[in-house]
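Residue numbers (the numbering used here): 179 to 427.
Contents: one structure, followed by commentary.
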Ligand code: HPA
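Written out as structure tokens, the structure reads:
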């Protein structure tokens, strides 16, 4: 059976119903991950869980040690990664509470440690990243969302900004012109680091606010928190269904 790792984003610092077996801080050549890697049983399966922003939530998106996180998960035995990310909605279909399983991404972040392939290398490596998300994992997320009856889009382009500030209206207009449907701050370099480690990776994005300029007002933390409170339980159910439904291998 594949060991899945869940990377919990904003609002998902723990998995309710998770039966903990052990937890440990994994030291990596890249430093320590955001939090302890929890190993336990969820939905009848062995899973690993990592809170991307730490537990309690204290690490902003641009300061997450993505390399340590991915390395530690791989070392702990992860064979596939399901990432949960809170995002802003750009496309009209992406209202608060909507889920999106992106199929593509554009990276607008900068200055983040974004590769394992640096330093004293024997040869230069360029990983293929044409299709950043694993299609099988995506399909399983989509099937789980459909089975739960939640509003979702099975395609979408995730634009990853640097944060921690939210975007200007002009930036969102540009991102929309580029083809972005949702905007978040944590999708990269997480996705490419998973690819470099040959870990299948997919993202379950929960829209928690209309992106800048996509509503009549400004974005408030209160609206984000309300959408998270409403949506995170649903995200947990989707993840549980994906895990429970996996075919034995
Ligand atoms: N922009 C970037 N990241 C986000 C947003 C947003 O509007 N909402 C939640 N994460």
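Glycine included, C-beta positions come from ideal geometry on N, C-alpha and C.
Bridge partners - residue i, DSSP secondary structure assignment
{"i": "residue 224", "result": "219"}
{"i": "residue 200", "result": "217"}
{"i": "residue 268", "result": "BP columns for residue 268 are empty, so no partner."}
{"i": "residue 336", "result": "283, 360"}
{"i": "residue 251", "result": "In DSSP, residue 251 forms no bridge with anything."}
{"i": "residue 294", "result": "None, per the DSSP bridge assignment."}
{"i": "residue 324", "result": "For residue 324, which the question treats as bridged, DSSP gives no partner whatsoever."}
{"i": "residue 307", "result": "Paired residues: none, contrary to the question."}
{"i": "residue 261", "result": "185, 381"}
CA-to-CA distance, residue j to residue i, given in whole angstroms
{"i": "residue 310", "j": "residue 332", "result": "15 Å"}
{"i": "residue 418", "j": "residue 408", "result": "17 Å"}
{"i": "residue 357", "j": "residue 199", "result": "43 Å"}
{"i": "residue 347", "j": "residue 353", "result": "10 Å"}
{"i": "residue 387", "j": "residue 403", "result": "9 Å"}
{"i": "residue 318", "j": "residue 222", "result": "17 Å"}
{"i": "residue 252", "j": "residue 370", "result": "14 Å"}
{"i": "residue 390", "j": "residue 287", "result": "17 Å"}
{"i": "residue 201", "j": "residue 214", "result": "6 Å"}
{"i": "residue 427", "j": "residue 181", "result": "Unreliable placement is indicated for residue 427, whose pLDDT of 47 sits below 50; the coordinate value is still reported in the next sentence. So the alpha carbons of these two residues sit roughly 11 Å apart."}
{"i": "residue 285", "j": "residue 337", "result": "6 Å"}
{"i": "residue 366", "j": "residue 395", "result": "28 Å"}
{"i": "residue 256", "j": "residue 267", "result": "30 Å"}
{"i": "residue 421", "j": "residue 277", "result": "18 Å"}
{"i": "residue 290", "j": "residue 272", "result": "27 Å"}
{"i": "residue 229", "j": "residue 186", "result": "5 Å"}
{"i": "residue 416", "j": "residue 351", "result": "31 Å"}
{"i": "residue 324", "j": "residue 330", "result": "8 Å"}
{"i": "residue 322", "j": "residue 308", "result": "25 Å"}
Under 8 Å between C-beta atoms of residue i and residue j
{"i": "residue 374", "j": "residue 295", "result": "yes"}
{"i": "residue 189", "j": "residue 263", "result": "no"}
{"i": "residue 265", "j": "residue 397", "result": "no"}
{"i": "residue 227", "j": "residue 193", "result": "yes"}
{"i": "residue 232", "j": "residue 225", "result": "no"}
{"i": "residue 305", "j": "residue 254", "result": "no"}
{"i": "residue 281", "j": "residue 341", "result": "no"}
{"i": "residue 212", "j": "residue 237", "result": "yes"}
{"i": "residue 412", "j": "residue 300", "result": "no"}
Helix, strand or coil at residue i according to DSSP, with G and I counted as helix
{"i": "residue 375", "result": "coil"}
{"i": "residue 387", "result": "strand"}
{"i": "residue 243", "result": "coil"}
{"i": "residue 180", "result": "coil"}
{"i": "residue 347", "result": "helix"}
{"i": "residue 404", "result": "helix"}
{"i": "residue 421", "result": "helix"}
{"i": "residue 411", "result": "helix"}
{"i": "residue 186", "result": "strand"}
{"i": "residue 315", "result": "helix"}
{"i": "residue 329", "result": "coil"}
{"i": "residue 256", "result": "coil"}
beta-carbon residue i near the ligand ADP non-hydrogen atom, thresh 7 Å
{"i": "residue 386", "result": "Absent from the structure shown: the ligand ADP. Ligands present: the ligand HPA."}
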